[in-house]
Structure formats: C-alpha cells, structure tokens
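Going by my numbering, 59 is the number at position 59 of the sequence shown; the sequence numbering is gapless.
Comments concern the structure below.
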Amino acid sequence: MPKFYARRRLSILAALTGLIASAGLFNSPTASAALPTPVSAATARTYLASLTVATENRTGYARDLFPTWITISGTCNTREYVIKRDGSNVVTNSACTATSGSWYSQYDGVTTTDPSTFDIDHVVPLAEAWDSGASAWTTAQRQAFANDVTRPQLIAVSASSNRSKGDDDPAEWVPTRSAYVCTYVRAWVQVKYYYDLSVDSAEKSALTSYLSGC
C-alpha cells in the first residue's frame, strides 16, 4: 500500500477512534458531583488509626445548633454553591438559584434536571458530629463544619438517598452505588480527622473493612 494511502487510512482510523471516545463521553452520566477529592486510601487508613475510639452521646443535640446555610460567594449560599458546583451546564439567576442544568447523584446513580429534587448531604452528618465531639464546640465552629465546602463534606445527591442515609455512619449505611463507596469512606475519615472527631468501635471496624478494599 502506498505510504500516502497508509497515512490517510491511519488518519481516518484516528478520527473514528476520536468519535467513538466522544460517544462514550455522551453516554456517561450527564453530571458528576464535584466533591473535593478526598485523601488517598492509604492516607485515610493512617488517619483512621489515629482517631479516638469512643462511645457516642447524642444528649442535647438539635439541628439548629449547626447554622445553615451561609453566604459562600457573591449571592450564593452554601446550598446554591454546591448545587452549582456539582451540576453540569448549570445556569443560575441573579440570586444564584439554579434555573437549568443536570445533576447526577453519586450515591445511587439518579439523574435529574430539577435541582429541587436533590439535597445537600453532609458526608459526616451533623448529629454524628455532635455525637463524636462537636457538642463541645462553639456555635461558630459548628457553623463552619455545617458549611464546609473546602473539605469533602458537602455533596448534592438525590433526596431519596440522603433521607435513606439519615444520620447513619458507615457501619449502618454506605452509598448503594458501590463504585462510590471507596470515595465516600475516604471522605468520611478525612472529615473526622480534620475536625478531630471520634469514631465508635463499629464505625471504625466498618471503615477499616471498606478501606482495605480501596
């Protein structure tokens, strides 16, 4: 085969490969939650080993002890910020309310174009934080925790998955979408480590098990 035609054939094959790759992109979820990337599994295992193991105590807990939502940027409060961050092709109005876009729930694979059907989940729930050390914090510290968009603590997910989770820790609940479990437990440990929160024995056992498979 003449070199010219050989090069042309290779160019056509390359173009076809590019088209196939592009098609793969279009067939993937329309949006992917942009949770700040958690620490590696190895680092999470090191962090977990250093966490205090203690019995949980929910005495005195009330959700309003953790003020939400606060202004994060411009006119965007925490919920609006995460909705915008975690969506695809999100359009917002002057009040930072999303008027269009698409969202993919990493917990259960649900996709929507209606952000009102999605909740902002606290990876480490507020009640769980209270149980494991936040009861001793100031209101300002609890507000910072409840609105933390720097650590992997807030994520937009389907309301059904968020409500299924409730205040459970990983001994009781992990995402039904198994591909996300490793990310979830790495995020959980990073947040607990950063805020110096304790773990109970069942929680530590579950986290150890999940991280061993990451």
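Glycine included, every Cβ here is placed at the ideal spot set by N, Cα and C.
Please read all numbers here as calculations on a predicted model, not as lab measurements.
Just to confirm my understanding: we take GLY133, look at its own chain, exclude 5 residues before and 5 after, and list those with CB closer than 8 Å. What are they?
TYR195, ASP196, LEU197, SER198
Cβ neighbours of VAL91 in the same chain (closer than 8 Å, five flanking residues each side left out):
ALA98, THR99, SER100, GLY101
What are the boundary residues of the alpha helix (DSSP H) that LEU211 is part of?
201 to 212
Could you tell me the boundaries of the beta strand (DSSP E) in which ILE120 lies?
118 to 122
Thinking C-beta only, is ASN77 closer than 8 Å to ASP119?
no
Which whole-angstrom value is the C-beta distance of TYR210 and TYR47, which I expect to be below 8 Å?
Their Cβ separation, rounded to whole angstroms, is 14 Å, which puts TYR210 and TYR47 out of contact at 8 Å.
Which one or two residues does DSSP pair with TRP215 in a beta bridge?
No statement about residue 215 is possible, as the shown extent of the chain runs from 1 to 214 and does not include it.
Could you compute how far the alpha carbon of ALA156 sits from the alpha carbon of TRP137?
26 Å
Report the residue ranges of all beta strand (DSSP E) runs contained in full by the region 45 to 71; include only those spanning at least 3 residues, in chain order.
none
Tell me which residues share the same chain as ILE70 and place their Cβ nearer than 7 Å to its Cβ, disregarding the 5 neighbours each side in the sequence.
ASN77, THR78, GLN143, ASN147
Considering only their Cβ atoms, is the gap separating PRO175 from GLN106 smaller than 8 Å?
yes
Alpha carbon to alpha carbon, how far is PRO115 from SER205?
35 Å
DSSP beta-bridge partners for THR92?
ALA98
So, helix, strand or coil for VAL149, using DSSP?
coil
Determine the DSSP secondary structure at ALA34, reduced to helix, strand or coil.
coil
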